[in-house]
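Here is the structure we will look at, set down as structure tokens.
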Amino acid sequence: MSNPQQLRYSKEHEWLSDAVDGASTVGITEHAANALGDVVFVQLPDVGDSVTAGETCGELESTKSVSDLYSPVSGEVTEVNEDVVNDPSLVNSAPFEGGWLFKVRVTDEPADLLSADEYTAFTAG
Amino acid sequence: MSSTELRRTALDATHRALGATMTDFAGWDMPLRYGSEREEHLAVRTRAGLFDLSHMGEITVTGPQAAELLNFALVGNIATVKPGRARYTMICREDGGILDDLIVYRLDEPGAASAHYMVVANASNAQVVLDALTERAAGFDAEVRDDRDAYALLAVQGPESPGILASLTDADLDGLKYYAGLPGTVAGVPALIARTGYTGEDGFELFVRPEHAVALWEALTKAGEGAGLIPCGLSCRDTLRLEAGMPLYGNELSTALTPFDAGLGRVVKFEKEGDFVGRAALTEAAERAATQPPRVLVGLVAEGRRVPRAGYQVVAGGEVIGEVTSGAPSPTLGRPIAMAYVDPAHAAPGTEGVGVDIRGSHEPYEVVALPFYKRQK
Numbered sequence: 047m048s049n050p051q052q053l054r055y056s057k058e059h060e061w062l063s064d065a066v067d068g069a070s071t072v073g074i075t076e077h078a079a080n081a082l083g084d085v086v087f088v089q090l091p092d093v094g095d096s097v098t099a100g101e102t103c104g105e106l107e108s109t110k111s112v113s114d115l116y117s118p119v120s121g122e123v124t125e126v127n128e129d130v131v132n133d134p135s136l137v138n139s140a141p142f143e144g145g146w147l148f149k150v151r152v153t154d155e156p157a158d159l160l161s162a163d164e165y166t167a168f169t170a171g
Numbered sequence: 107m108s109s110t111e112l113r114r115t116a117l118d119a120t121h122r123a124l125g126a127t128m129t130d131f132a133g134w135d136m137p138l139r140y141g142s143e144r145e146e147h148l149a150v151r152t153r154a155g156l157f158d159l160s161h162m163g164e165i166t167v168t169g170p171q172a173a174e175l176l177n178f179a180l181v182g183n184i185a186t187v188k189p190g191r192a193r194y195t196m197i198c199r200e201d202g203g204i205l206d207d208l209i210v211y212r213l214d215e216p217g218a219a220s221a222h223y224m225v226v227a228n229a230s231n232a233q234v235v236l237d238a239l240t241e242r243a244a245g246f247d248a249e250v251r252d253d254r255d256a257y258a259l260l261a262v263q264g265p266e267s268p269g270i271l272a273s274l275t276d277a278d279l280d281g282l283k284y285y286a287g288l289p290g291t292v293a294g295v296p297a298l299i300a301r302t303g304y305t306g307e308d309g310f311e312l313f314v315r316p317e318h319a320v321a322l323w324e325a326l327t328k329a330g331e332g333a334g335l336i337p338c339g340l341s342c343r344d345t346l347r348l349e350a351g352m353p354l355y356g357n358e359l360s361t362a363l364t365p366f367d368a369g370l371g372r373v374v375k376f377e378k379e380g381d382f383v384g385r386a387a388l389t390e391a392a393e394r395a396a397t398q399p400p401r402v403l404v405g406l407v408a409e410g411r412r413v414p415r416a417g418y419q420v421v422a423g424g425e426v427i428g429e430v431t432s433g434a435p436s437p438t439l440g441r442p443i444a445m446a447y448v449d450p451a452h453a454a455p456g457t458e459g460v461g462v463d464i465r466g467s468h469e470p471y472e473v474v475a476l477p478f479y480k481r482q483k
């Protein structure tokens, strides 16, 4: 699998895009989606919610388990992906594209987010 | 993940070459899934799936008093099992608690001088069952043998499985009924061919020597190609058995429950000859179940999409009325389902106002009769 170069990554396996029109997109990585198995339920924060870097802001449920969703950055949620709420399998089929989770106006980005190459090395180890 | 050394089946390299996600299951490193567990589940429901179940524990019981020993050690009437047939049964403690649920196959030919049984235990309980059978064999002219390492177990399950298997064997599959087994040759490999499974579909379990497992797996994979057979892991095996309403030891069954508490009192045969371990306690359990019904094992179907898990509380009117024992998203129903023990007052199908406490939120659930899924015959 290949992690897109233009994204940044958290050690909790979320990805973060550069801001477009003031908001960055957040999703989970293909590595995380594969580890979860078929995702069947996604609970996302609401638009307007404040999220905090490293803290839970939702959950992802798969056949065998439920996992917390961590926000990779702090900020305010500006949009959530209703398509993925209606069809959680998008997280598995297109984790870096149609399976994105929410958009956030970033107020604080931790300094320790990983580059694509660093994240690839992190998940290989 | 456990740090202790996991046991590997004879098909370990095959699973890794297929890219399986592996999991620690009862001390065995087993395939959880190869790709999407939902696709694997649906393959078994509509076409065919191939499983490695070599973690299951085989125990051989032979000798002139093998039947008498099993009648004493188990709750079923094993003496009535005819050659070539199998029986679902249980082994209980003296206090009636369930040690394991088992399938007993009778392997001797009709007219043989001495009976020959294979007892198949859950991987997690195989040692306990072996120890109990060995201890209970004292005074019987019978031998209990640990054959866990003598067999690999492959299963072909799903509506296409008879056709796939028929292309690899001369054995009379049409004459092989559900819960029957016969020795034969499959793809040139000696095998015990059993029409059993744990999926709610037609299918076969093939007990072979471990050194033949890879050749048989490859032959079945090739024979099943055109019919849509795919390798399937333990994840879909769990959702398949859950849809079929089949209990899993450790979830629906435990030493804290008697067969009567689990709604499976029918496996206890009081009318058989002689004493058996647990008879007195089970007689009391049967009477108790008749006069003060215990919690009842029911099916629950979600109205929403959140998935109940084992241990979650079942609630009604603000009170806890039961506990989920197994839960998963059902690929066939398209909704989360669960098995749960609930108070008798809330056990009738259609009971209103029942919910499951999913991490603090009470999600509405419909009470239904088990099983959730029954195949069309």
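As you go down the protein sequences, you meet chains G and Y in turn.
Mapping to our numbering: the first sequence position 106 is 152, numbers consecutive.
Mapping to our numbering: the second sequence position 32 is 138, numbers consecutive.
Glycine is no exception: its CB is placed at the ideal position from the N, C-alpha and C atoms.
These numbers come from a predicted model, not from an experiment.
G:Gly83 at chain Y interface by Cβ criterion, 8 Å: Output row for G:Gly83: interface = yes.
Within 7 Å of chain G by C-beta, residues of the region 432-462 of chain Y in sequence order: Answer set for the region 432-462 of chain Y: Ala434 and Pro435.
Between the beta-carbon of G:Arg151 and the beta-carbon of G:Ala69, is there less than 8 Å? Contact flag set, yes.
For Y:Met196 versus Y:Leu348, is the C-beta distance shorter than 8 Å? Cβ distance not < 8 Å, so Y:Met196 and Y:Leu348 don't count as in contact.
Determine, for G:Val137, whether the minimum Cβ-Cβ distance to residues of chain Y falls below 8 Å. Among the CB atoms of chain Y, none fall inside 8 Å of the CB of G:Val137.
Give the DSSP-derived three-state secondary structure of Y:Cys342 in the structure shown. The answer is helix: DSSP assigns Y:Cys342 an H, G or I state.
So, under 8 Å CB-CB, Y:Tyr194 and Y:Ala300 are touching, yes? Tell me the CB distance rounded to an integer number of Å. No, Y:Tyr194 and Y:Ala300 are not in contact; Cβ-Cβ is about 12 Å, not under 8 Å.
So, is Y:Ser142 buried or exposed, given that buried needs 16 or more other C-beta atoms within 10 angstroms? Buried: at least 16 other Cβ atoms inside 10 Å.
Could you check if G:Asn127 is buried or exposed, using at least 16 other CB atoms within 10 Å of its CB as the buried criterion? Buried is the call here.
Quick one: give me the first and last residue of the alpha helix (DSSP H) that Y:Asp118 is part of. The continuous alpha helix (DSSP H) containing Y:Asp118 extends over residues Asp118 to Ala123.
Please compile the residues from chain Y whose C-beta is within a distance smaller than 8 Å of the C-beta of G:Val86. Annotation: Cβ neighbours of G:Val86 in chain Y (cutoff 8 Å, chain order): Arg411, Val413, Pro435 and Pro442.
Here's the rule I'm using: 16 or more other beta-carbon atoms within 10 Å means buried, otherwise exposed. How should Y:Phe246 be labelled? The residue in question, Y:Phe246, is buried, as its Cβ has 16 or more Cβ neighbours within 10 Å.
Throw me the rounded Cβ distance for the G:Pro134 and G:Val97 pair, which I believe falls under 8 Å. That belief does not hold up - the Cβ atoms of G:Pro134 and G:Val97 are roughly 20 Å apart, past 8 Å.
For my contact list, G:Leu147 and G:Pro118 are in at a C-beta cut-off of 8 Å; report their separation, rounded to the angstrom. Not confirmed; about 11 Å, so no contact.
Is the region 353-363 of chain Y touching the region 167-174 of chain Y, taking contact as three or more C-beta pairs under 8 Å? Touching, no.
Among Y:Asp158, Y:Glu174, Y:His222 and Y:Ala154, the one whose alpha carbon lies nearest that of Y:Leu124: For Y:Leu124, the nearest C-alpha among the options comes from Y:Asp158.
Along the beta strand (DSSP E) that carries G:Lys149, what are the first and last residues, could you check? Looking at the DSSP string, the run of the beta strand (DSSP E) that includes G:Lys149 is Phe148 to Asp154.
Nearest to Y:Tyr447 by CA position, among Y:Leu346, Y:Gly428 and Y:Pro455, is which residue? Nearest C-alpha to Y:Tyr447: Y:Gly428.
Do G:Asp114 and G:Glu105 count as a contact pair if the criterion is CB distance below 8 Å? Contact annotation: G:Glu105 and G:Asp114 have beta-carbon atoms nearer than 8 Å.
With three or more beta-carbon pairs closer than 8 Å as the criterion, would you say the region 409-428 of chain Y touches the region 373-391 of chain Y? Judged by Cβ distances under 8 Å, the region 409-428 of chain Y makes no contact with the region 373-391 of chain Y, as fewer than three pairs qualify.
Specify the secondary structure class of Y:Pro353 as computed by DSSP and reduced to three states. Y:Pro353 falls in the coil class under three-state DSSP.
Hey, does G:Glu107 have any beta-carbon neighbour from chain Y nearer than 8 Å? Judged by the 8 Å Cβ criterion, G:Glu107 is in contact with chain Y.
Decide yes or no for the touch test of the region 127-139 of chain Y against the region 233-242 of chain Y: beta carbon pairs closer than 8 Å, at least 3 of them. Too few Cβ pairs lie closer than 8 Å, so no.
Since G:Thr169 is in the alpha helix (DSSP H), which residue starts that stretch and which ends it? Taken as a continuous stretch (DSSP letters only), the alpha helix (DSSP H) holding G:Thr169 covers Ala162 to Ala170.
List the residues of chain B whose Cβ lies closer than 8 Å to the Cβ of Y:Ser142, in chain order. Protein chains in the displayed structure are G and Y, and chain B is not among them.
Are the beta-carbon atoms belonging to Y:Leu288 and Y:Ala272 less than 8 Å from one another? No. Outside cutoff.
Is Y:Leu359 near Y:Pro353, with beta carbons less than 8 Å apart? Yes, the pair counts as a contact, with Cβ atoms nearer than the cut-off.
Work out the CA separation of G:Ser111 and Y:Ala126 for me, nearest whole Å. Y:Ala126 and G:Ser111 have their C-alpha atoms spaced approximately 18 Å apart.
Check whether the Cβ atoms of Y:Gly384 and Y:Val181 sit closer than 8 Å, and answer yes or no. In contact: Y:Gly384 and Y:Val181 (Cβ atoms closer than 8 Å).
Y:Asp463 (DSSP reduced to helix, strand or coil): In the three-state DSSP reduction, Y:Asp463 falls in the strand class (E or B).
Tell me which residues share the same chain as G:Pro156 and place their Cβ nearer than 6 Å to its Cβ, disregarding the 5 neighbours each side in the sequence. Closer than 6 Å at Cβ, skipping near neighbours: Ala99.
How about Y:Gly217 and Y:Ala286: do their beta carbons lie closer than 8 Å? It is not a contact, given that the beta carbons lie outside the stated cut-off.
Verify the CB distance criterion: does Y:Ser341 have a CB-CB separation below 8 Å to chain G? It does; some Cβ of chain G falls within 8 Å.
Compile a chain-ordered list of the residues in the region 137-164 of chain Y whose CB is closer than 8 Å to at least one CB of chain G. Within the region 137-164 of chain Y, the residues whose Cβ lies closer than 8 Å to some Cβ of chain G are Leu138, Arg139, Ser142, Glu143 and Arg144, listed in chain order.
When the Cα atoms are used, what is the spatial distance from Y:Gly330 to Y:Pro437? In this structure, the alpha-carbon of Y:Gly330 lies about 22 Å from that of Y:Pro437.
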